[in-house]
Amino acid sequence: MSDTPSHAFLRHGPPVDRIQRFTWVERIMHWYTAATYIYAALSGLALFTPYLFWLAVVLGGGPAVRFWHPIFGIGFVIGIFWMYHSWLQDLKIDANDRKWLDNVKYYITNQDERLPPQDKYDAGQKIYYWGMFGCAIVLLLTGPVMWFPELMPRSLHWVLAVVTFLHSVAALVTIGGAMIHIYMSISNIPGSLKAMTEGHVSRGWAMLHAPKWYARITAGEKRP
Amino acid sequence: MASKLLQIKAISGHAGTVPGGNMSRDYDVCKLVDTTTCIGCKACEVACLEWNGYPFHPTTFDNTYQTMPDTAWNYWNLIRFNEHTAPDGTFGWLMRKDQCMHCADPGCLASCPADGAIVQYANGIVDFNQEHCIGCQYCVTGCPFNIPKFNPETKKVFKCTLCSDRVSAGLEPACIKACPTGCLHFGSKDDMKDIAERRAKQLRAHTAHKDAGVYDPQGVGGTHVIYVLHDINNPEKYGGLPKNPTVDPIVRLWKGPLKWVGGFGMILGALGIAFHYLRYGPKEAEIHGGDDHERHT
Chain R
89 MSDTPSHAFL RHGPPVDRIQ RFTWVERIMH WYTAATYIYA ALSGLALFTP YLFWLAVVLG
149 GGPAVRFWHP IFGIGFVIGI FWMYHSWLQD LKIDANDRKW LDNVKYYITN QDERLPPQDK
209 YDAGQKIYYW GMFGCAIVLL LTGPVMWFPE LMPRSLHWVL AVVTFLHSVA ALVTIGGAMI
269 HIYMSISNIP GSLKAMTEGH VSRGWAMLHA PKWYARITAG EKRP
Chain G
9 MASKLLQIKA ISGHAGTVPG GNMSRDYDVC KLVDTTTCIG CKACEVACLE WNGYPFHPTT
69 FDNTYQTMPD TAWNYWNLIR FNEHTAPDGT FGWLMRKDQC MHCADPGCLA SCPADGAIVQ
129 YANGIVDFNQ EHCIGCQYCV TGCPFNIPKF NPETKKVFKC TLCSDRVSAG LEPACIKACP
189 TGCLHFGSKD DMKDIAERRA KQLRAHTAHK DAGVYDPQGV GGTHVIYVLH DINNPEKYGG
249 LPKNPTVDPI VRLWKGPLKW VGGFGMILGA LGIAFHYLRY GPKEAEIHGG DDHERHT
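Protein chains in written order, with the numbering used here: chain R, 89 to 312; chain G, 9 to 305.
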């Protein structure tokens, strides 16, 4: 290699000076969950309000939406459980997170230096995950009843209205969370979208947004 | 005449007003079922199948004369037989023709998300358009009478149309035409209400049915199928006719406030995000030169 310093070579692993944040399995897991969620959310909105019924037309027509929505919904819940399996250790909320949440106004107003340093995920990301997780449980419990209402005996028809209402409320909560999540990934935190597409972040990104995580994973690095 | 009778008054899952709505006034149609003169012959059941082109259904024997336990997607009209012992010990049948009630305030239509799958005509008929039905069965959730029935093969929901096709041609519904005792009447709501009230008054005055009355539940805005019952205080005895049917308040909450909270919530969320972007903008990470240098040279 040293004989031909001008030759290009194929890079494996993150670029120089960048660090791995998500493995390819984690990235597939995220985008699988995102894709199933987006279909389920948009098709659900089509059935939620007449002003958005046109979404059903875009997504293949009303009967197709009725057919696929529950299947994609189950797919989304599987993704959420997969994340639970993979990320639980990094998603536990501790006292540090509670302190961060008490001062969340500084996060919203871009005064991050006034916040306690965070580990791999900050408290906002953890709250987002647990919110999606809780809503996924509600959606999973209520969805199958709405999927097969014909199996409900007459005396339990009142349950249909209750589960439909709860399903809508849980779905609206996830939509609010997802809107913030998407905004933060594509605009508010530059570099975080690349973390989830190509898997790596800059050192500056890690130092600023996940200092404890950065310190942890770079602890073994040789200092000059 | 026909086009006026089938003027559309409300459309399910439809953003905006009904085209041509409230442009003309016409009379409401109504079916009157006098349970006190029904003999349970089921001619109406057969006429309904004949007119709507459905084959006769396999029957289910449950120790009564009832054809089957419940109406079905292709069996819209069912005489419910209920054994009843009067306070004086005499035994009798309470026979009620069960079908869509054609509510003035239909829960099925309020619940339906599909544009045009359920329409309410200005004459009071609530009709399903299966070509727009998506098979979600929200109408089942919304109906207080357990009327809409799902066909698992076509994934569409069906129910009594009050023979909107016959009515639009100036004919009475098929069941009315077939009734041999005259217990079924068809006409304007005002006329049917008048006949029903007079019949109930007659029953109270001249028979043992001192509690006879007319079933036209106001909880759903009144219905376009009304009953004369021997005992208006206990409609449940007639095969589970609800005493005070209403559209479930949770359905109202879901299709009313929640729909607006959700819609405006999403719009406000988008505006809030736009404001945040313009006011605060991205969190750019800058590395102090010294630190970076120290770490990576």
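The C-beta atom is built at its ideal place from N, Cα and C for all residues, glycine as well.
Under three-state DSSP, which class holds residue i?
i, result
"G:GLY298", "With a pLDDT of 45 at G:GLY298, under the threshold of 50, the modelled position of this residue cannot be trusted, and the question is left open."
"G:CYS111", "strand"
"G:MET9", "Only weak support exists for where G:MET9 lies, its pLDDT of 38 falling under 50; the coordinates are left without a value."
"G:TYR309", "In this structure chain G extends from 9 to 305, so residue 309 of chain G is not present and cannot be described."
"R:PHE155", "helix"
"G:LEU237", "strand"
"G:THR67", "coil"
"R:LEU160", "Residue 160 of chain R is actually Phe in this sequence, not Leu. Helix at R:PHE160."
"G:CYS183", "helix"
"G:TYR246", "coil"
"G:LEU40", "strand"
"R:ALA294", "helix"
"G:ILE47", "coil"
"G:LEU192", "strand"
"G:ALA18", "strand"
"R:ASP207", "coil"
"G:ILE155", "coil"
Between residue i and residue j, which are expected to be in contact by the criterion C-beta below 8 Å, what is the C-beta distance as a whole number of angstroms?
i, j, result
"G:LEU40", "G:HIS214", "Between G:HIS214 and G:LEU40 the Cβ distance is about 19 Å, and since that is not below 8 Å, they are no contact."
"G:PRO257", "G:LYS251", "Actually they are not in contact, since the Cβ atoms of G:PRO257 and G:LYS251 sit about 16 Å apart, beyond 8 Å."
"G:THR149", "R:LEU248", "4 Å"
"R:PHE136", "G:LYS163", "Contact flag wrong, Cβ pair sits at about 20 Å."
"G:VAL175", "G:VAL259", "That belief does not hold up - the Cβ atoms of G:VAL175 and G:VAL259 are roughly 28 Å apart, past 8 Å."
"G:LYS291", "R:ASN198", "6 Å"
"R:ARG109", "R:VAL289", "5 Å"
Indicate whether residue i and residue j have their beta-carbon atoms separated by less than 7 Å.
i, j, result
"G:CYS191", "G:CYS49", "no"
"G:ALA55", "G:ALA177", "no"
"G:ALA112", "G:GLY271", "no"
"G:GLN15", "G:ALA130", "yes"
"G:ALA122", "R:GLY150", "yes"
"G:THR231", "G:MET109", "yes"
"G:CYS151", "G:ALA125", "no"
"R:ILE107", "R:ALA294", "yes"
"R:ILE162", "R:ALA224", "no"
"G:CYS120", "G:GLY24", "no"
"G:ILE240", "G:ASP219", "yes"
"G:PHE166", "G:TRP262", "no"
"G:GLY247", "G:ASN90", "yes"
"G:GLY143", "R:ARG154", "yes"
"R:ALA144", "R:ALA134", "yes"
"R:LYS208", "R:ASP178", "yes"
"G:GLN77", "G:THR68", "Sequence check: residue 77 of chain G is Pro here, not Gln. Against a cut-off of 7 Å, the Cβ pair of G:THR68 and G:PRO77 comes out as a contact."
What residue range does the beta strand (DSSP E) around residue i cover?
i, result
"G:ALA55", "No beta strand (DSSP E) contains G:ALA55, which is instead part of the alpha helix (DSSP H) from 51-60."
"R:GLN213", "It is not in any beta strand (DSSP E) - R:GLN213 instead sits in the alpha helix (DSSP H) that spans 211-235."
"G:TYR146", "Where G:TYR146 is concerned, there is no enclosing beta strand (DSSP E), although the alpha helix (DSSP H) it sits in stretches over 146-150."
"G:TRP101", "99-106"
"G:THR93", "86-93"
"R:VAL146", "Premise fails: R:VAL146 lies in the alpha helix (DSSP H), 142-146, not in any beta strand (DSSP E)."
"R:ARG106", "106-108"
What is the residue span of the alpha helix (DSSP H) that residue i lies within?
i, result
"G:ASP202", "197-214"
"R:GLU114", "112-136"
"R:TYR195", "192-196"
"G:GLY280", "265-287"
"R:ILE263", "245-271"
"R:LEU281", "280-285"
"R:LYS300", "299-305"
"G:ASP173", "172-176"
Can you have a look at residue i and say buried or exposed, based on whether 16 or more other CB atoms are within 10 angstroms of its CB?
i, result
"R:VAL104", "exposed"
"G:ILE155", "buried"
"G:ASN85", "buried"
"R:HIS297", "buried"
"G:TYR235", "buried"
"R:ALA307", "exposed"
"R:VAL113", "exposed"
"R:ASN100", "As written in the sequence, residue 100 of chain R is His, which differs from the Asn given in the question. R:HIS100 should be labelled exposed."
"G:LEU286", "exposed"
"R:LYS180", "exposed"
"R:LEU98", "exposed"
"R:LYS187", "exposed"
"R:ASN276", "buried"
"R:TRP301", "buried"
"R:ARG304", "exposed"
"G:GLU53", "buried"
"R:THR262", "buried"
"R:SER243", "exposed"
"G:ILE275", "exposed"
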